[in-house]
Amino acid sequence: MRSILVPGVVPVLGILCLSLAACEVGPDYHGAPNVAPHEAAAAAFHRAGDASAAPPPADWWTDLGDKQLDRLIQDALAFSPDLAAARARLRESRASLGGSRADLLPTTSASALYLRAKTGNGLLGTSAGAGAGAEAAAAASSAIPDPLELYSASTDATWEIDLFGGKRRAVEGAEAAVGAAQAQLADAQVSLAAEVANDYVGLRDVQHRLALLRRDAALEARSLDLTRERRAGGTASDLDVERLNDQLLTTQASYVPLQAQIAEQLDKLAVLTGREPGALDGELSAPAPVPLPPAQVAVGDPASLIKRRPDIRTAERQLAEQNAAIGQHIADYFPKVQFLGSLGFSATQPSHLFDSGNFTYALLPTLSWTPFDFGRTAAKVEQAKAGRDEYLANYRKTVLGALQDAETALSRFGRQREAVTRQLAVQASAERTAELTAKRVAGGTATSLDELDAERTRVESQQNVATAEAQLTQDYVALQKSLGLGWR
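By the count of our numbering, the sequence shown reaches residue 1044 at its end, each step adding exactly one.
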């Protein structure tokens, strides 16, 4: 038993398929456009100052020299829920790419059939004296098994030949989507590392300011005690005492918001590293110095920034994906060729199912075309072209914004270095004033209150230096983020 459905157009279609196999309609993508030619050719950033143009390290936080910060960032990169979601989106896009590639291959299926049917032979019996005709009918009826059984096993395949590259453009777009998902994961890593570092610096800054505030309160308490002694001796008034008492209470009241900020920073760091709030209290509650950036910072050049920043890479891959969509829709203008094939065996007895004589096959090529839908196709093509132009503009905006971000961060970091230098000079002056006042007190030419005032000025200068240094480190973190660092 053999059936063949092979129209005469099959050889012609086969030759056509081979000749057009490499044809892909639509615009080819030639890589990211150069939207900032002057910056890309520059040897250094405009606002680099004394920063080095050497390639910067990916793990920039290690240059801060704080082991606790290193552990926190590593934990965040390993256990952050945000990164877990970004990794899941990447797996999803890779699975979608696998589906697009599978569309280039035939679709196959397998089936098995068992059929049992009653033939009704009992109704075909003959009556007496019917003659030779009745005898012949009876003989034919007895040749048909009752009931009738049929066994069949087959495999079917459907394959649409990608003559004009519509499916290959879909694969191209899916590959670009995977690249965009990878870049988005990298961007999430960059943002996460910077956020952890900022919150850690903020924690150490608040802890330091609280310690200095308590020291200031201790000095104010000593001034209050001395003023009370002077009032008892008749050299100070009740108003002097109340003023100092009010100042001490105000300083002590300032503890509360700082303590609340410490708790908030501890909880934020715990969540960023994938832990429950309060999990880091034991590890980080003890005050520690604010980590400071290195004396020499490597920032690279604008061209390396454009290649490295994940948000630029994301925008470029999205542009490539949308460019591929144009060709995918242009392919709808052209006919589609599909082959339907079937291979199988069928028999009335299981033991004879796979006999060579029971082999059946069928091949049916089909040609489909929808010329009256050209209006819809043209609309989809134009929509894809408009989307490509939108993503091109978005890419240009992303590149220019990234360059501006880096230049601004470099400028702020350089200016903050100057601010720290000035605050250190003020602190050195306050230190000398406090030392000279202490000598005058020892020589009897200044009072203890004068010494306490000088000491409070010194503590205030230390607070200003601490604030300036914390801001410098945060500006350093912002600079690393603007350079797109923190991922591999």
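Ideal Cβ placement from N, Cα and C applies to all residues, glycine included.
So for residue i, helix, strand or coil by DSSP?
{"i": "GLU1011", "result": "helix"}
{"i": "LEU704", "result": "strand"}
{"i": "TYR1032", "result": "helix"}
{"i": "ALA1024", "result": "helix"}
{"i": "THR806", "result": "helix"}
{"i": "THR663", "result": "strand"}
{"i": "ASN590", "result": "coil"}
{"i": "ASP584", "result": "coil"}
{"i": "ALA1002", "result": "coil"}
{"i": "SER1038", "result": "helix"}
{"i": "HIS908", "result": "helix"}
{"i": "ALA733", "result": "helix"}
{"i": "ALA830", "result": "Here the sequence assigns Gly to residue 830, which means Ala is not the residue at that position. Of the three classes helix, strand and coil, the one that applies to GLY830 here is coil, per DSSP."}
{"i": "ARG1107", "result": "In this structure the chain extends from 557 to 1044, so residue 1107 is not present and cannot be described."}
{"i": "ARG603", "result": "coil"}
{"i": "SER683", "result": "Per-residue confidence for SER683 stands at a pLDDT of 46, beneath the threshold of 50, marking its modelled position as unreliable; the derived number appears in the next sentence. Coil at SER683, not helix or strand."}
{"i": "ARG1044", "result": "coil"}
{"i": "GLY678", "result": "Because GLY678 sits at a pLDDT of 49, beneath the cut-off of 50, its placement in the model cannot be relied upon, and the following sentence gives the value as read from the coordinates. Here GLY678 sits in helix by DSSP."}
{"i": "ALA598", "result": "coil"}
{"i": "ILE560", "result": "Note on ILE560: pLDDT 41, under 50, position unreliable in the model; the coordinate value appears next. Three-state result, ILE560: coil."}
DSSP puts residue i in a beta bridge; with which residues?
{"i": "VAL893", "result": "ILE717, LEU923"}
{"i": "ALA668", "result": "ALA709"}
{"i": "TYR811", "result": "DSSP output for TYR811 lists no bridge partner at all."}
{"i": "THR618", "result": "DSSP output for THR618 lists no bridge partner at all."}
{"i": "LEU899", "result": "THR711, TYR917"}
{"i": "THR608", "result": "Per the sequence shown, residue 608 should be read as Ser rather than Thr. According to DSSP, which records beta bridges pairwise, SER608 is partnered with ALA854."}
{"i": "ALA792", "result": "None, per the DSSP bridge assignment."}
{"i": "ALA673", "result": "LEU704"}
Just curious, the alpha helix (DSSP H) that residue i is in, first and last residue?
{"i": "PHE930", "result": "930-999"}
{"i": "LEU646", "result": "637-658"}
{"i": "THR870", "result": "866-886"}
{"i": "LEU848", "result": "Run containing LEU848: none; DSSP gives neither H nor E here."}
{"i": "LEU840", "result": "837-840"}
Would you please state the rounded distance, in angstroms, between the beta carbons of residue i and residue j? I believe it to be under 8 Å.
{"i": "VAL727", "j": "SER656", "result": "5 Å"}
{"i": "LEU1028", "j": "VAL982", "result": "Contact doesn't hold; Cβ gap of about 15 Å is too wide."}
{"i": "ASP867", "j": "THR954", "result": "6 Å"}
{"i": "ALA935", "j": "TYR585", "result": "The pair is not a contact, with the Cβ atoms about 22 Å apart (cut-off 8 Å)."}
{"i": "TYR951", "j": "VAL591", "result": "7 Å"}
{"i": "SER902", "j": "SER665", "result": "That pair is no contact at about 17 Å."}
{"i": "PRO849", "j": "LEU620", "result": "7 Å"}
{"i": "LEU814", "j": "LEU633", "result": "That pair is no contact at about 30 Å."}
{"i": "LEU1041", "j": "ALA965", "result": "That belief does not hold up - the Cβ atoms of LEU1041 and ALA965 are roughly 11 Å apart, past 8 Å."}
{"i": "ALA736", "j": "THR870", "result": "5 Å"}
{"i": "ALA732", "j": "ARG873", "result": "5 Å"}
Tell me whether residue i counts as near the ligand NAD, meaning its Cβ is closer than 7 Å to at least one heavy atom of that ligand.
{"i": "HIS908", "result": "The model on display carries no ligand, and the ligand NAD is accordingly not part of it."}
Next on the checklist: With three or more beta-carbon pairs closer than 8 Å as the criterion, would you say the region 974-989 touches the region 1000-1018?
Outcome noted: yes
Checklist entry - Using 8 Å as the Cβ pair cut-off and three pairs as the minimum, do the region 615-632 and the region 750-768 touch? => result yes
Checklist entry - Contact between the region 762-771 and the region 897-908: three or more CB pairs below 8 Å? => result Taking 8 Å as the limit for Cβ pairs, the verdict is that the region 897-908 does not touch the region 762-771.
Item to check | Touch test, the region 759-769 against the region 909-927, Cβ-Cβ under 8 Å, three pairs minimum | outcome: Contact between the region 759-769 and the region 909-927 is absent, because fewer than three Cβ pairs lie under 8 Å.
Checklist entry - If we count Cβ pairs, one from each stretch, closer than 8 Å, do we get three or more for the region 885-892 versus the region 920-933? => result Yes, the region 885-892 touches the region 920-933.
Next on the checklist: Within 8 Å, do at least three Cβ pairs link the region 864-878 to the region 705-725?
Outcome noted: no
Next on the checklist: Assess contact between the region 846-860 and the region 609-616, defined as three or more Cβ pairs (one per stretch) separated by less than 8 Å. Is contact present?
Outcome noted: yes
Checklist entry - Touch check for the region 796-813 and the region 735-749: three-plus C-beta pairs under 8 Å? => result no
Checklist entry - Is the region 838-849 touching the region 775-793 in the sense that three or more CB pairs, one from each, lie closer than 8 Å? => result Output reads no: the region 838-849 does not touch the region 775-793.
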